[in-house]
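To start, the structure under review is shown below, and the notes come after it.
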Amino acid sequence: MILQAKNVKKVYKRKEILKGVDFSLKKGEAVAFVGTNGCGKSTLLRILAGITTADTGEIITNPGCSYSFIPDRYEKSGFTIPEFMKHIQSVLQIDASEQLEEYYKNFYLENMLDTPMKQLSKGTLQKAAVIQALLGEKDILFMDEPLSGQDKKSEQFFAQELKRQKKQGLSIIMACHEPFLIEELADKVYQIKDGILIDGTTYVTGKSEETLGRDETC
Amino acid sequence: MLSAYAVYKYEMQKLLKSRKWLTPLIFLAMYLGFSYSVGPLEIVSSLGLCSLVAFIGVLVVIFMCEDNRCQTMDQTIFIRLSNKKTYYLGRVLMVVAVSFIAALIGILVPIFQCIINGPGFFTTPFTIGYGISGFYLFFISGFSGGMVALLLNGRLIPKKEASISICILTALLTIVKGGLHDKYPITRFLSWILPPLYDLSAAYSHIEVSLWKETWIYFLWMTAYVFIQVVFYVWIMDKKRFE
Numbered sequence: 001m002i003l004q005a006k007n008v009k010k011v012y013k014r015k016e017i018l019k020g021v022d023f024s025l026k027k028g029e030a031v032a033f034v035g036t037n038g039c040g041k042s043t044l045l046r047i048l049a050g051i052t053t054a055d056t057g058e059i060i061t062n063p064g065c066s067y068s069f070i071p072d073r074y075e076k077s078g079f080t081i082p083e084f085m086k087h088i089q090s091v092l093q094i095d096a097s098e099q100l101e102e103y104y105k106n107f108y109l110e111n112m113l114d115t116p117m118k119q120l121s122k123g124t125l126q127k128a129a130v131i132q133a134l135l136g137e138k139d140i141l142f143m144d145e146p147l148s149g150q151d152k153k154s155e156q157f158f159a160q161e162l163k164r165q166k167k168q169g170l171s172i173i174m175a176c177h178e179p180f181l182i183e184e185l186a187d188k189v190y191q192i193k194d195g196i197l198i199d200g201t202t203y204v205t206g207k208s209e210e211t212l213g214r215d216e217t218c
Numbered sequence: 001m002l003s004a005y006a007v008y009k010y011e012m013q014k015l016l017k018s019r020k021w022l023t024p025l026i027f028l029a030m031y032l033g034f035s036y037s038v039g040p041l042e043i044v045s046s047l048g049l050c051s052l053v054a055f056i057g058v059l060v061v062i063f064m065c066e067d068n069r070c071q072t073m074d075q076t077i078f079i080r081l082s083n084k085k086t087y088y089l090g091r092v093l094m095v096v097a098v099s100f101i102a103a104l105i106g107i108l109v110p111i112f113q114c115i116i117n118g119p120g121f122f123t124t125p126f127t128i129g130y131g132i133s134g135f136y137l138f139f140i141s142g143f144s145g146g147m148v149a150l151l152l153n154g155r156l157i158p159k160k161e162a163s164i165s166i167c168i169l170t171a172l173l174t175i176v177k178g179g180l181h182d183k184y185p186i187t188r189f190l191s192w193i194l195p196p197l198y199d200l201s202a203a204y205s206h207i208e209v210s211l212w213k214e215t216w217i218y219f220l221w222m223t224a225y226v227f228i229q230v231v232f233y234v235w236i237m238d239k240k241r242f243e
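Which chain is which? The protein sequence lines are A and B, in order.
Counting from 1, position 21 in the first sequence corresponds to residue 21 in my numbering; the numbering is continuous, with no gaps.
Counting from 1, position 170 in the second sequence corresponds to residue 170 in my numbering; the numbering is continuous, with no gaps.
This is the structure:
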C-alpha cells in the first residue's frame, strides 16, 4: 500500500462534503474518482495530496513518497513556460532539459515558448500544468481534470506517457469527467455520492458507462 | 534549505514580473527625495521616521503580492517539496530580500546626500555606526511589515475586504501606538500584540548619548518579535495549507 486514507471527513461552508472516506492505493495502480460537480472529488484528491487538510481522519503514506499534481487550470502569470519549468527543476534539483524538449515538441508548444503565460490560451496553459507534473521522479500523480481544453493529439501523447510511467510503477489518482482518460488508465473507478466513496469497481474497458453512469460523468 | 531557496527564487521572480513593487517603490523614492532635500537634518530622527515608511512600504509590496497569488501554480510547487515547511520559509526569504532592498535604498539616499552636500547636511557627523544601525533599523522594520502582510493573507482571512481593513488598521495602530498609549493608557494591554516598531523608532529618534546603549534592547525586542512572526507564520500555514 502506497497511500491510505482512514475516515476522512471535510466540512466546507457548513456543508459536509466528505462523510468518512476510507481509501487505499497500491503501487502502480491508477484510480479515478467520478461523480457530479461539487460532490467532493477535487476536495478528496487535494486532501490525499496534502494540499488541503481534512477536518478529521488520517492519511498514511510511505516515508519519502513523492507526489506531483495537475490542477484543472493554471493561472495566467508573467512567466514563460520555460521560465516556470526552470523553477520546477530547481525545486526538484534536476536538469530535465532533454525531457522538456521532447514534451514541448509532443505537446506542440515549440512556437509558444517565448510567450508569457498570461497571453496563452486555457488549453496551452493546461499543457504547461501537465508537463510540470510529468517531470522528475514521483510515486503518485494526482490529476484534477487534466485534459481541460487540450487538443486530441496532445491528449493521446499524454495518455501514452502516463501509461509508460505507470508501467514503471507510478500510481495515479484522478478526479475527472473524461471517459477517454478513465478508459485508457484507470484500474479502479470510485464514485463519490453524498459524501461517501462507493466501493472501487475493477474497471473493464468498454464498460465505463455501466460503472460511471452516463448522466453523472459526461 | 535548497528547496526553500528554490521557492524563494520562484516567489521573487513572480513578484518582479507582477510589477506590484513599482508603486510602493515610487512612494519610497518620493518620500526619501522630499525628506532628505533640505538640511541640516538630525540623523537619528530622520532615520527613525524613515523606518516607519520602510515598514509600510514592505507591508504594501508583500500584501499586493499576496493578493496576486497564482494558487494552482503554487500548489504544483508545494506538492513537490518533501518538507512542506520549506515552502513557507521560501516565502519568508522573499520578505527578507524585499526588506533588504528597501533598507539599502533607505540608507543609501542619506549617505549620498551627505556625500553630495557635505558634512553640514546633518547636524552631527554621519558615522559608520549610524549607517549600520540605520540599515538594520530599516531592514527589521520592513521585515516586520512584510510578515504582517504575510500573516494577514487571503488564506487566513478569506474575505478580501476584511483582510485589507485589518491590514490597514494593524499598520496604522503600529505607527500611532505611542500616541494611543498617551491618550488611552488602557490600550497598552492590547497593543503589545502589535510590532514594537513605534517603541524602536521613538527610542532611535531620541538618542542622546550612546547609539547602541540606548537602543540595543529595542532592537532585540523587534528582532525577537520578527522571529516569533516567522515561526507563527510557518506553523499556522503548515496547519492551514491551501483551503
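Positions of the beta carbon are idealized from the N, C-alpha and C atoms, including for glycine.
Bear in mind the structure is a predicted one, so any value in this text is a computation, not a measurement.
Rounding to the nearest angstrom, what Cα-Cα distance links residue i and residue j in this structure?
i	j	result
B/Val-231	A/Leu-45	29 Å
B/Asn-117	B/Ile-79	54 Å
B/Asn-153	B/Ile-26	24 Å
B/Trp-192	B/Leu-41	32 Å
B/Lys-84	B/Pro-185	43 Å
B/Asp-238	A/Phe-84	24 Å
A/Thr-217	B/Gly-145	Residue placement at A/Thr-217 is flagged as unreliable, the pLDDT there being 39, under the threshold of 50; the coordinate-derived value follows with that caveat. One C-alpha to the other measures close to 48 Å.
B/Leu-49	B/Val-92	25 Å
B/Asp-74	A/Tyr-67	14 Å
A/Glu-178	A/Leu-147	8 Å
A/Leu-149	B/Ala-224	Residue 149 of chain A is actually Gly in this sequence, not Leu. Cα-Cα distance, rounded: 50 Å.
B/Ile-207	B/Gly-131	15 Å
B/Ala-29	A/Lys-163	56 Å
A/Ala-175	B/Phe-227	40 Å
A/Ser-208	A/Glu-183	Confidence at A/Ser-208 is low in this model, with a pLDDT of 47, below 50, so the placement of that residue is unreliable and no value is reported for it.
A/Leu-100	A/Lys-122	20 Å
B/Asp-182	B/Val-176	10 Å
A/Thr-80	B/Ser-201	43 Å
B/Leu-137	B/Leu-108	13 Å
A/Asp-72	B/Leu-194	40 Å
A/Asp-215	A/Gln-132	Annotation note: pLDDT 41 at A/Asp-215 (below 50); position unreliable, no value reported.
A/Cys-65	B/Met-94	28 Å
A/Gly-206	A/Phe-142	Its pLDDT being 47, under 50, A/Gly-206 is placed unreliably in this model, and the value from its coordinates should be taken loosely. Cα to Cα, A/Gly-206 sits roughly 24 Å from A/Phe-142.
B/Leu-220	B/Thr-127	22 Å
A/Lys-153	B/Ser-165	49 Å
A/Gly-213	A/Gly-35	Residue placement at A/Gly-213 is flagged as unreliable, the pLDDT there being 46, under the threshold of 50; a coordinate-derived value is accordingly withheld.
B/Phe-63	B/Ile-115	35 Å
B/Ser-205	A/Asp-144	56 Å
A/Asp-151	A/Gln-4	34 Å
A/Val-189	B/Thr-72	25 Å
B/Gln-13	B/Phe-100	16 Å
B/Pro-119	B/Pro-125	6 Å
A/Thr-211	A/Ile-70	For A/Thr-211, the predicted model reports a pLDDT of 49, less than 50, meaning its position is unreliable; a value from the coordinates is still stated below. Taking the straight line joining both Cα atoms gives about 24 Å.
Pull the bridge partners of residue i from the DSSP assignment, please.
i	result
A/Leu-3	A/Leu-25 and A/Thr-61
B/Phe-122	B/Leu-41
B/Leu-220	None; B/Leu-220 has no bridge partner.
B/Leu-28	Answer by DSSP bridge pairing: none, since B/Leu-28 is not bridged.
A/Leu-18	A/Lys-10
A/Lys-221	The displayed coordinates of chain A run from 1 to 218. Any statement about residue 221 of chain A would go beyond what the structure contains.
A/Ala-259	Chain A is shown only over 1 to 218; residue 259 of chain A falls outside these bounds and no answer can be derived.
Determine the closest residue to residue i out of the options, with distance taken between C-alpha atoms.
i	options	result
A/Thr-43	A/Gly-64, A/Lys-19 and A/Cys-65	A/Lys-19
B/Lys-9	B/Leu-194, B/Phe-189 and B/Val-96	B/Val-96
A/Leu-48	A/Ala-159, A/Pro-146, A/Gly-64 and A/Val-8	A/Val-8
B/Thr-23	B/Ser-3, B/Val-58, B/Leu-2 and B/Ser-46	B/Val-58
B/Ala-103	B/Ser-18, B/Ile-140 and B/Leu-89	B/Ile-140
B/Ser-133	B/Leu-211, B/Val-53 and B/Val-234	B/Leu-211
B/Gly-129	B/Ala-162, B/Leu-169, B/Val-53 and B/Lys-213	B/Lys-213
B/Cys-167	B/Asp-67, B/Arg-188, B/Ser-3 and B/Ser-35	B/Asp-67
B/Pro-110	B/Lys-160, B/Phe-34 and B/Gly-90	B/Phe-34
B/Ile-77	B/Ala-171, B/Met-64, B/Glu-11 and B/Gly-142	B/Glu-11
B/Gly-90	B/Thr-123, B/Met-1, B/Ser-45 and B/Arg-155	B/Met-1
A/Lys-41	A/Lys-27, A/Glu-29, A/Phe-23 and A/Thr-56	A/Phe-23
A/Ile-59	A/Leu-25, A/Pro-82, A/Gln-160 and A/Met-117	A/Leu-25
Identify the contact partners of residue i in chain D, using a Cβ-Cβ distance below 9 Å as the criterion.
i	result
A/Arg-73	No chain D is present in this structure, whose protein chains are A and B.
My assumption, with CB atoms under 8 Å, is that residue i sits in contact with residue j. Please give the rounded CB distance.
i	j	result
A/Asn-111	A/Phe-157	Contact doesn't hold; Cβ gap of about 17 Å is too wide.
B/Cys-70	A/Glu-75	4 Å
B/Val-38	B/Val-98	Not confirmed; about 29 Å, so no contact.
B/Phe-55	B/Thr-215	With 8 Å as the limit, B/Phe-55 and B/Thr-215 do not qualify as a contact, their Cβ atoms being about 17 Å apart.
B/Leu-197	B/Leu-52	7 Å
A/Ile-140	A/Ile-173	7 Å
Inside the stretch 63-143 of chain A only - beta strand (DSSP E) runs reaching at least 3 residues: 67-70
Can you give, in chain order, each stretch of the alpha helix (DSSP H) that sits fully within the stretch 123-198 of chain B and has at least 4 residues? 128-151, 160-175, 177-183 and 188-191
In the stretch 55-106 of chain B, which residue ranges form an unbroken beta strand (DSSP E) of at least 3 residues, counting only runs that do not cross its ends? none
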